[in-house]
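What follows is one structure encoded as structure tokens, with my remarks underneath.
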Amino acid sequence: GQNIDQPTEMTATEGAIVQINCTYQTSGFNGLFWYQQHAGEAPTFLSYNVLDGLEEKGRFSSFLSRSKGYSYLLLKELQMKDSASYLCAVRDDGSNSGYALNFGKGTSLLVTP
Amino acid sequence: EAGVAQSPRYKIIEKRQSVAFWCNPISGHATLYWYQQILGQGPKLLIQFQNNGVVDDSQLPKDRFSAERLKGVDSTLKIQPAKLEDSAVYLCASSSTGAAGNTIYFGEGSWLTVV
Chain A
4 GQNIDQPTEM TATEGAIVQI NCTYQTSGFN GLFWYQQHAG EAPTFLSYNV
54 LDGLEEKGRF SSFLSRSKGY SYLLLKELQM KDSASYLCAV RDDGSNSGYA
104 LNFGKGTSLL VTP
Chain B
5 EAGVAQSPRY KIIEKRQSVA FWCNPISGHA TLYWYQQILG QGPKLLIQFQ
55 NNGVVDDSQL PKDRFSAERL KGVDSTLKIQ PAKLEDSAVY LCASSSTGAA
105 GNTIYFGEGS WLTVV
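Here the protein sequences come in this chain order: A and B. Okay, so the first sequence: first residue is 4 according to the numbering used here, each after it adds one. Okay, so the second sequence: first residue is 5 according to the numbering used here, each after it adds one.
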């Protein structure tokens with residue numbers, strides 16, 4: 004099984020930087036994903052890490068440490084439209100569940116003026 | 005490229021009634037997933053198909069939920085009879101294969117309210 008933890012809520016100011024942490028304990032691991040979900044909409048893919056280190060994509064970066072079971076999503080130059088839920092998801096190693104994603108409960112980010 | 009299509013978008017039913025949701029994945033995607041997302045929580049996998057075969061249905065409440073993907077393209081998820089706790093968004097998703105690294109793309113979801 005998998006246990007994925009992330010903070011429930013965070014608040015940050017427009018233009019600032021925010022880091023959303025995710026810790027996980029898994030029986031198998033084949034990658035960590037971050038998704039963004041606006042209220043009433045589908046989750047949309049943000050990033051994927053399978054090796055240790057930082058992946059940068061414009062204003063968004065994601066970091067992974069497999070030995071620590073830890074990842075974070077870094078959002079820079081926050082904009083009001085970044086207010087959303089951010090979902091951390093771990094991909095199984097396929098031995099039991101065919102590489103499906105297992106999601107945390109999500110972190111609701113509120114960006115204020 | 006068209007995304008994952010789902011219908012209906014919204015459904016309200018009484019408990020003990022039945023409901024069916026339909027999903028059309030991204031063209032060419034062999035792997036299809038149904039997730040259940042209860043308000044305030046992350047999506048939970050219900051069932052995963054690879055073409056028309058079931059890969060994982062370990063978290064599907066089989067006494068009331070069923071799903072099929074007969075021709076390896078469209079899929080239907082059925083709930084019969086519905087319970088109050090089934091109120092949730094049912095998200096269909098697809099990926100090109102079930103292999104590691106392939107991104108999963110979600111549809112907009114079917115919102116179910118059971119009263």
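The beta-carbon is built from N, C-alpha and C at its ideal position, and this holds for glycine as well.
In the three-state DSSP reduction, Leu43 (chain B) falls in the coil class, being neither helix nor strand. In the DSSP annotation of this structure, the continuous segment of the beta strand (DSSP E) that includes Val114 (chain A) starts and ends at 110-115. The Cβ atoms of Ala6 (chain B) and Thr101 (chain B) lie no closer than 8 Å to each other.
Boundaries cannot be given for Asp96 (chain A), as no beta strand (DSSP E) includes it and DSSP labels it neither H nor E. Collapsing the DSSP output to three states places Asp8 (chain A) in a strand.
Residues of the same chain with a CB within less than 7 Å of the CB of Phe110 (chain B), apart from the 5 flanking positions on each side, are Val8, Leu95, Ala97 in chain order. For Lys60 (chain A), the pairing in a beta bridge is given by DSSP as A:Phe63. By the beta-carbon neighbour count (other beta carbons within 10 angstroms, threshold 16), Arg20 (chain B) is exposed. For Gly31 (chain A), none of the residues of chain B pass the 8 Å Cβ criterion, the least Cβ distance being about 10 Å.
Here Arg69 (chain A) is near Asp55 (chain A), since their CB atoms are less than 8 Å apart.
Neighbours of Ile108 (chain B) across chain A, judged by C-beta separation under 7 Å: Leu104.
With distances taken between CA atoms, Tyr73 (chain A) lies nearest to A:Trp37 out of A:Met13, A:Trp37, A:Val114.
Flagged as an interface residue toward chain A: Leu49 (chain B), by a C-beta distance shorter than 8 Å. The C-alpha of Asn105 (chain A) lies about 31 Å from the C-alpha of Gly18 (chain A). Taking C-beta atoms as the reference points, Gly109 (chain A) and Cys25 (chain A) fail to come closer than 8 Å. Around the beta carbon of Leu35 (chain A), 16 or more other beta carbons sit within 10 angstroms, so the residue counts as buried.
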